[in-house]
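Same order as they appear, the protein sequences are chains A and B. Residues 1 to 204 (this note's numbering) make up the first sequence, in order. Residues 1 to 204 (this note's numbering) make up the second sequence, in order. Each residue gets a CB set at the ideal place from its N, CA and C atoms; glycine is no exception. Every value quoted in this text rests on a predicted model; they were computed, and no experiment measured them. Written out below as structure tokens is the structure these notes cover.
There are 2 protein chains.
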Amino acid sequence: MTSPGTSPGAVRPGGRTAKVREAVRAATLAELADKGFDGLTVEGVALRSGVHKTTVYRRWGSVEGLAADALDLASGEPWPVPDTGDAAGDLRELARLVVTGFADPETGPVSTAFISAAVRNPPTAGALHAFFAARHEQSAVIVGRAVERGEMPAGTDAAEVIRTCVAPLYYRLFITGEPVDEAVADRAAAAALAAARAGVFTGG
Amino acid sequence: MTSPGTSPGAVRPGGRTAKVREAVRAATLAELADKGFDGLTVEGVALRSGVHKTTVYRRWGSVEGLAADALDLASGEPWPVPDTGDAAGDLRELARLVVTGFADPETGPVSTAFISAAVRNPPTAGALHAFFAARHEQSAVIVGRAVERGEMPAGTDAAEVIRTCVAPLYYRLFITGEPVDEAVADRAAAAALAAARAGVFTGG
Chain A
1 MTSPGTSPGA VRPGGRTAKV REAVRAATLA ELADKGFDGL TVEGVALRSG
51 VHKTTVYRRW GSVEGLAADA LDLASGEPWP VPDTGDAAGD LRELARLVVT
101 GFADPETGPV STAFISAAVR NPPTAGALHA FFAARHEQSA VIVGRAVERG
151 EMPAGTDAAE VIRTCVAPLY YRLFITGEPV DEAVADRAAA AALAAARAGV
201 FTGG
Chain B
1 MTSPGTSPGA VRPGGRTAKV REAVRAATLA ELADKGFDGL TVEGVALRSG
51 VHKTTVYRRW GSVEGLAADA LDLASGEPWP VPDTGDAAGD LRELARLVVT
101 GFADPETGPV STAFISAAVR NPPTAGALHA FFAARHEQSA VIVGRAVERG
151 EMPAGTDAAE VIRTCVAPLY YRLFITGEPV DEAVADRAAA AALAAARAGV
201 FTGG
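As structure tokens, then:
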């Protein structure tokens with residue numbers, strides 16, 4: 001479908017290369033949702049995307065390459081950073097997004113597959129860590145606005161507030177196997193806010 | 001080494017059965033530390049423990065059975081629940097135990113192997129979840145003492161304080177791949193304490 005040696009980005013955005021990349025990415029996510037990382041194969045992605053297997057091998061190399069590229073695309077994508085008018089609402093909304101994302105029958109299994117794969121697959125781990133770093137950075141605006149409004153002290157470390165807000169949800173989902181729901185999300189958000197207000201995340 | 005059909009606990013504690021169980025458990029942990037869950041085999045455990053392979057198969061059934069039994073034993077074992085004299089010190093000590101445990105060249109790889117295995121192996125997940133439930137329960141005394149001393153409000157949910165204290169460490173270790181150290185532990189402990197003091201974990 002493309003000339004040999006063509007790399008992603010060598011063709012204009014929206015062109016044939018971008019379309020192939022998007023088709024392969026959609027197929028990768030669908031395969032992950034259906035089969036998990038252990039069931040992800042270059043053949044399966046080729047078949048589902050309609051892109052020739054040799055093209056997928058040449059440009060993505062392996063299932064790790066497919067997973068990493070899907071995560072790279074996700075890192076750069078817009079998502080609804082909460083903007084409710086106050087820090088309490090924004091953090092609550094952020095925590096609830098984690099709960100609803102993992103409960104969603106489409107996105108939940110894909111996110112779970114990425115995290116499961118990352119614990120034993122270094123290239124996928126690298127892409128996943130970059131994804132979370134991007135999410136922490138994108139969420140920092142919540143803390144910036146809170147400081148401007150006087151809801152948190154100046155010098156509050158934004159990423160630490162975000163981590164503290166979502167960590168209890170990931171801890172339950174991936175470590176202790178305990179359930180998460182809106183009440184759990186709201187409590188995690190309230191804890192992060194109380195700690196931020198108390199000045200736990202300033203200085204250091 | 002034992003009669004066919006002998007089950008763990010059927011022989012007096014400290015007797016031959018207990019010794020076999022302990023030898024097999026020590027071998028399981030050593031194999032996990034060396035090779036991870038993917039490298040754990042009944043043969044490897046039999047060889048390392050000196051217990052005959054057919055005995056290991058008969059009594060533990062599989063690598064999942066070996067991992068679950070090692071976790072069961074760990075759940076019931078004493079460990080140094082912090083008692084420093086105040087809630088701030090106890091929570092800081094608890095968070096630091098997580099950091100030092102994962103940094104330890106002997107215990108770190110074993111704990112990591114259990115958590116990695118649990119994300120895709122339901123029997124191991126069940127044993128791991130029971131292990132964490134036991135740890136939360138054992139740590140509850142920290143919150144009980146804090147409430148008695150007036151450092152936290154009455155009715156504070158002990159497990160929620162403990163989860164909030166350790167979650168940011170597990171989030172960094174297993175989700176975002178960010179480093180943990182004493183400063184990260186101390187901040188997580190301070191955040192849990194500030195939230196508890198603010199009454200985030202009461203009622204519900």
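Using the DSSP secondary-structure output, state which residues sit across from residue i in a beta bridge.
| i | result |
| --- | --- |
| Thr156(B) | Thr202(B) |
Between the Cα of residue i and the Cα atoms of the options, which residue gives the shortest distance?
| i | options | result |
| --- | --- | --- |
| Pro123(A) | Glu64(A), Thr202(A) and Asp38(A) | Glu64(A) |
| Thr55(A) | Ala133(A), Ala195(A), Val20(A) and Val110(A) | Val20(A) |
| Ala190(A) | Thr176(A), Leu173(A) and Val161(A) | Val161(A) |
| Thr84(B) | Ala27(B), Ala117(B), Ala127(B) and Leu94(B) | Leu94(B) |
| Asn121(A) | Gly36(B), Gly15(B), Arg59(B) and Glu22(B) | Gly36(B) |
| Val166(A) | Leu47(A), Ser49(A), Thr100(A) and Arg16(A) | Thr100(A) |
| Thr17(B) | Ala74(B), Val45(B) and Arg59(B) | Arg59(B) |
| Arg172(A) | Ala158(A), Ala159(A), Asp157(A) and Ala188(A) | Ala188(A) |
| Thr107(A) | Arg197(A), Leu71(A) and Arg92(A) | Leu71(A) |
| Pro168(A) | Glu151(B), Trp79(B), Phe201(B) and Lys53(B) | Phe201(B) |
| Ala183(A) | Ser116(B), Gly203(B) and Glu43(B) | Gly203(B) |
| Ala159(A) | Ala185(A), Glu137(A) and Ala146(A) | Glu137(A) |
| Thr156(B) | Leu29(B), Ala185(B), Gly199(B) and Ser49(B) | Gly199(B) |
What is the rounded straight-line gap between the Cα of residue i and the Cα of residue j?
| i | j | result |
| --- | --- | --- |
| Asp38(A) | Ala103(B) | 28 angstroms |
| Gly61(A) | Arg25(A) | 14 angstroms |
| Ala68(B) | Phe114(B) | 9 angstroms |
| Pro220(A) | Ala195(B) | Only positions 1 to 204 of chain A appear in this structure, which leaves residue 220(A) out of reach. |
| Gly126(B) | Ala118(B) | 8 angstroms |
| Ala33(A) | Thr164(A) | 28 angstroms |
| Ala87(B) | His129(B) | 26 angstroms |
| Ala134(A) | Glu178(A) | 27 angstroms |
| Val98(B) | Val110(A) | 29 angstroms |
| Val141(B) | Ala154(B) | 14 angstroms |
| Leu91(B) | Pro82(B) | 8 angstroms |
| Leu222(A) | Leu40(B) | Only positions 1 to 204 of chain A appear in this structure, which leaves residue 222(A) out of reach. |
| Gly73(A) | Arg197(B) | Residue identity check: residue 73(A) is Leu in the sequence provided, not Gly. Rounded to whole angstroms, Leu73(A) to Arg197(B) spans 41 angstroms at the Cα level. |
| Val51(B) | Ile175(B) | 37 angstroms |
| Gly44(A) | Trp79(A) | 28 angstroms |
| Met152(A) | Ser139(A) | 15 angstroms |
| Phe132(B) | Val180(B) | 20 angstroms |
| Thr112(A) | Glu31(B) | 27 angstroms |
| Ala146(A) | Ala185(A) | 19 angstroms |
| Tyr57(B) | Val42(A) | 37 angstroms |
| Leu193(A) | Glu77(B) | 36 angstroms |
| Val143(A) | Gly89(A) | 12 angstroms |
| Ser49(A) | Thr28(A) | 8 angstroms |
| Glu148(A) | Leu66(A) | 41 angstroms |
| Ser75(A) | Gly15(B) | 57 angstroms |
| Tyr170(A) | Arg96(B) | 20 angstroms |
| Ser116(B) | Lys53(B) | 26 angstroms |
| Gly150(B) | Ala23(B) | 46 angstroms |
Shorter than 7 angstroms from the beta carbon of residue i to some beta carbon of chain B?
| i | result |
| --- | --- |
| Ile175(A) | yes |
| Asp51(A) | According to the sequence displayed, residue 51(A) carries Val and not Asp. With 7 angstroms as the cut-off, Val51(A) does not count as an interface residue toward chain B. |
| Ala195(A) | yes |
| Ala198(A) | yes |
| Val161(A) | no |
| Arg92(A) | no |
| Tyr57(A) | no |
| Ala23(A) | no |
| Val11(A) | Confidence at Val11(A) is low in this model, with a pLDDT of 43, below 50, so its placement is unreliable and the value that follows should be read with caution. No - not a single Cβ of chain B is within 7 angstroms of the one on Val11(A). |
Quick one: does residue i have its CB under 7 angstroms from some CB of chain A?
| i | result |
| --- | --- |
| Ala125(B) | yes |
| Thr164(B) | yes |
| Arg16(B) | no |
| Ala191(B) | yes |
| Val114(B) | Just to set this straight, residue 114(B) is Phe in the shown sequence, not Val. By this cut-off, Phe114(B) is not an interface position. |
| Arg120(B) | yes |
| Phe132(B) | yes |
| Pro168(B) | yes |
Item to complete: Scan the region 72-145 of chain A and note each continuous alpha helix (DSSP H) run of 4 residues or more that stays entirely inside, going in chain order.
Response: Qualifying alpha helix (DSSP H) stretches, in chain order: 87-103 and 107-118.
Discussion item. Threshold first: 4 residues or longer. Then list the alpha helix (DSSP H) segments lying entirely within the region 29-72 of chain A, N to C.
Written reply: 42-49 and 53-60
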